[in-house]
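When we follow this note's numbering, the leftmost residue of the sequence shown carries the number 24, and every step to the right adds one. No residue lacks a Cβ here, since even glycine has one placed at the ideal position from N, Cα and C.
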Amino acid sequence: MNKICDSKEMTKGKKVLFAGCLAHLIHDGFSDMLYIFFPIWQVQFSLTFAEIGLLKTLFSGSLAGFQVPAGFLASRMGEVKLLLLGTILTSAAVFMLGWAAAPIMVGCLLVIGGLGSSTQHPLSSSLISSAYPDKAERRTALSTFNVAGDFGKLLLPGMTALLIAQYNWMTASRFLGMLGMMSVIVIFLITKNIRQHSSTNEGKTETATLGCFAWKGNQSFWSLSMIGVIDSATRMGFLTFFPFLLQEKGAQVSLIGLALSLVFAGGAVGKYICGKLATKFGVLRTVVTTEMVTTLCILGILFLPLEPVLLLSPILGVALNGTSSVLYGSVPELVSDEQCKQAFAIFYTATIGSGAISPFLYGLASDMVGINIAVVMIAFVVLLTLPLTLRLRGKFA
């Protein structure tokens, strides 16, 4: 009898994991395919760099700002239902972009898409964690879930570039929106018999603890968070304007898609490599190294011709994404077990928020001093993380 129950739980776990991975793939893919559209929208709608940055801020800002409310809403209507609704919302927004005739319409649809995508990370992670009570299995499942997002970043931007090169950006947007709707059907069929438990009380407890934790003077945690803020701002800011740098070097849409895919492929590898480096050489040495490599790669991409830039792209991806994974994995070492969930909430809110606002700020800088000088600024702002590591000495085993 126990074996039968275990088998059922295993089946449920696999269903939840597959649904979560598919949602992660679609939502992360939608988020990063926007980088392909930005240069095209700039020409089509005569946008400044600040306006391009604002479009990214609208999507990322609504995504970041609604994650906490999404958690509360899920306790009322259910995680699976809200995840499905969010995926429908984002897919519909992407589909409707194919008919956007003005920048204001593009901006409104990006806000709607961001609201839909805000449900994905917290709800998918929660569903998978609940489906795998065993710690070792849970870690493996969440790692698989994380990798699925990287596949989305590789697959959808590349697919977008090919569709635009073959047809046009409107057709590409409509096709990808329909692909998102198909994923909703698959997620619904997989999860329709999965029961959920209410987590209202837990949410209230965590919120109360969060309020207490926020005022505690854990300088090491705040230093780590500030490093994460700068790192995230660099990643989102640079990637927003990376296609424009490639365009200046003569790259066509398909080649821009390839370069972004190489960056995202390097990012996926970077999560693994930097995790190993942090274990072997220490967190601080790894963070300092990756941030310095990030600066050198950004400057190299700015000044080198197109062919070497393509070779440099995966190395940049390793440094950009590798740093974030090391920082994320270091949070539990700086707080108590009781504070861990709240620390992650603060860390994610701060880093995603900075990543949301930085494209607009760097866009303003690009309009005032030129994109090349703005990119140099991005490269050197990364180095502000180095003095912040001083407060973290001796804090990691």
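Going by DSSP, E356 is part of no alpha helix (DSSP H) at all; its letter is neither H nor E. Classified as buried, K176 has 16 or more neighbouring CB atoms from the shown chains inside 10 Å of its CB. Going by beta carbons, F68 and G200 fall outside the 8 Å limit. Scanning L384, L212 and S347 for the CA closest to the CA of F370 turns up S347. P337 carries a helical assignment under DSSP once its states are collapsed to helix, strand and coil. Scanning the stretch 268-350 from its first residue to its last, the whole alpha helix (DSSP H) runs of 4-plus residues come out as 276-304 and 306-326.
Inter-segment contact for the stretch 131-145 and the stretch 264-272 is absent: fewer than three beta-carbon pairs are separated by less than 8 Å. For the pair S147 and H47, the CB atoms are nearer than the 8 Å cut-off. D173 counts as buried, since no fewer than 16 other beta carbons sit within 10 angstroms of its beta carbon. When the alpha-carbon of M193 is set against those of T257, P92 and I59, the nearest one is in I59. Taking each of G94, N241, L178 and I375 in turn and checking the Cα distance to T257, the smallest one comes out for I375. 8 Å or more divides the Cβ of S243 from the Cβ of L165. Here S114 is buried. Its C-beta has 16 or more other C-beta atoms within 10 Å. Approximately 7 Å separates the beta-carbon atoms of D55 and L179; this is inside 8 Å, confirming the contact.
Burial check for D157: the Cβ neighbour count within 10 Å stays below 16, so the residue is exposed. CA-CA distance, F403 to L322, rounds to 9 Å.
Nearest Cα to I253 within the set V209, S377, N344 and L334: S377. Inclusion of P145 and Q189 in the CB contact set at 8 Å is not warranted, their separation being larger than that value.
Within the same chain, no Cβ atom closer than 6 Å to the Cβ of L108 is found once the five residues on either side in sequence are excluded.
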